[in-house]
Ligand code: ADP
Ligand code: MG
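Residue numbers (the numbering used here): 34 to 214.
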């Protein structure tokens with residue numbers, strides 16, 4: 034992680050201080066509507082919350098997991114940002130949920146039904162929350178390949194709070210385990 038911005042311009046002071054690395058990570062998903070355009074728009078909005086250029090993964094086309102029969106495939110991605118001053122986990126969640134609604138998301142009727150946009154907070158620095166409204170690190174982040182693979186693309190060295198292994202190591206271990214989804 035420490036080298037995430039090593040090839041980018043130095044900090045605002047123009048001096049020798051290394052800019053901070055992204056510490057807030059978001060999982061993006063869409064399997065309804067023009068998913069590519071919807072995710073592009075979400076990336077653009079996330080960039081406005083970051084003090085440094087947004088880290089963004091490529092778009093991963095994935096098969097639905099634990100979704101109703103006949104669900105369309107997903108486009109999944111991950112983003113990493115350096116939170117602007119004053120951004121809190123709760124404030125970020127409220128923003129993300131507003132963007133989900135703007136993208137056309139309706140209150141769910143069926144578990145994991147198709148949605149134009151899903152934005153989950155994977156991690157917010159070292160912050161930990163354990164309420165139904167907000168659980169961080171996201172409890173399913175390291176159990177879902179569609180979350181872990183895009184995350185490993187942008188932050189292979191990231192160690193999520195409570196984990197011993199890096200995201201890249203967890204994904205590599207999975208690759209040897211045929212049971213992972
Ligand atoms: P899912 O992401 O599992 O498909 P939803 O997007 O419908 O489900 O979110 C269900 C609830 O999960 C939301 O009401 C939200 O408050 C809660 N939630 C808990 N932790 C998080 C998190 N880390 N990121 C996003 N939502 C979360
Ligand atoms: Mg969600």
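All residues carry an ideal CB built from backbone N, CA and C; glycine is no exception.
Member of the options whose CA lies at the smallest distance from the CA of residue i
| i | options | result |
| --- | --- | --- |
| residue 107 | 195, 94, 54 and 66 | 94 |
| residue 194 | 156, 183, 178 and 61 | 156 |
| residue 257 | 200, 204, 67 and 58 | Any question about residue 257 goes unanswered here, given that the chain covers just 34 to 214. |
| residue 124 | 72, 79 and 142 | 79 |
| residue 144 | 165, 100, 73 and 199 | 100 |
| residue 210 | 198, 192 and 178 | 178 |
| residue 92 | 118, 63, 117 and 119 | 63 |
| residue 171 | 141, 126 and 135 | 126 |
Cβ-heavy atom distance, residue i to the ligand MG, below 8 Å
| i | result |
| --- | --- |
| residue 152 | yes |
Beta-carbon contacts of residue i that lie in its chain and below 7 Å, excluding the five residues immediately before and after
| i | result |
| --- | --- |
| residue 75 | 61, 132, 150 and 152 |
| residue 162 | 122, 168 and 169 |
| residue 90 | 110, 111, 183, 186 and 187 |
| residue 158 | 56 and 57 |
| residue 201 | 185, 189 and 190 |
Cutoff 6 Å; reference residue i; Cβ partners in own chain excluding five residues on either side
| i | result |
| --- | --- |
| residue 48 | Residue confidence is low: residue 48 scores 42 on pLDDT, short of 50, so the model does not pin down where it sits. No coordinate-derived value is stated. |
| residue 174 | 155 and 180 |
| residue 129 | 152 |
| residue 104 | 97 and 147 |
| residue 176 | none |
Near the ligand ADP: residue i beta-carbon under 8 Å from a heavy atom
| i | result |
| --- | --- |
| residue 139 | no |
| residue 148 | yes |
| residue 166 | yes |
| residue 173 | yes |
| residue 71 | no |
Secondary structure of residue i, DSSP reduced to three states
| i | result |
| --- | --- |
| residue 111 | strand |
| residue 161 | coil |
| residue 183 | helix |
| residue 122 | helix |
| residue 199 | coil |
| residue 79 | helix |
| residue 156 | strand |
| residue 61 | strand |
Close-in-space but distant-in-sequence residues of the same chain around residue i (CB under 8 Å, 5 per side omitted)
| i | result |
| --- | --- |
| residue 137 | 65, 66, 149 and 150 |
| residue 115 | 52, 53, 54, 55, 56, 57, 83, 84 and 85 |
Residues that residue i bridges to, as DSSP identifies them
| i | result |
| --- | --- |
| residue 131 | BP columns for residue 131 are empty, so no partner. |
| residue 189 | Answer by DSSP bridge pairing: none, since residue 189 is not bridged. |
| residue 98 | For residue 98, which the question treats as bridged, DSSP gives no partner whatsoever. |
| residue 93 | 109 |
| residue 88 | 113 |
| residue 168 | 163 |
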